[in-house]
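Novice: When you read off a place in the first sequence, starting at 1, and then add 174, the result is the number in the working numbering. Think of the CB as a built atom: it goes at the ideal place given N, C-alpha and C, for glycine as much as any other residue.
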Amino acid sequence: MASDFFRQVYRVVSMIPAGQVATYGQIAAYVGNPRAARTVGWALHGLPAGSGVPWHRVINAQGAISTSREGSRAAQQRAMLEEEGVLFDERGRTDLARYGWKGLR
DNA sequence: ATAATGACTGGGG
DNA sequence: ACCCCAGCCATTA
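Laid out in structure tokens, this is it:
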């Protein structure tokens, strides 16, 4: 566990500013593997609570929460994002064009 | 080393 | 918009 890949993922996710969200594919691209979106999800899956990593700011390319397809974590993720200013529509989606993280630039 | 799995993504019907 | 399918990748058994 905790391979270099995971650490890179954690580092990138930690860079996401509050009030903004990034997609799994985007994180994957930042670590050098734009095709490893699934692996990014896997990395966050094994991430313990209180690790300091804002995993809740990572969502799928559709701007929706995919957290294990359902569960208490999904609801909590939505709540945390709303608290940061990220609003969801009726369909549970965010406006990536507005909240999407553009990167460090 | 091979097979299965999963918090993904994009393309096609 | 919705549903289904195939491709991709690192980790785990």
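(1) Taking DSSP as the reference, what is the three-state secondary structure of A211?
(2) Ends of the alpha helix (DSSP H) at Q194?
(3) Counting along the chain, where does the alpha helix (DSSP H) carrying E256 start and finish?
(4) If you compare alpha carbons, which of Q194, V186, G206 is closest to E257?
(5) How far does the alpha helix (DSSP H) with L278 in it reach, from first residue to last?
(6) Comparing alpha-carbon positions, which option in V186, G220, N234, G277 lies nearest D269?
Specialist: The short version:
(1) helix
(2) Careful: Q194 lies outside any alpha helix (DSSP H) and carries neither H nor E.
(3) 246 to 258
(4) Q194
(5) Run containing L278: none; DSSP gives neither H nor E here.
(6) N234
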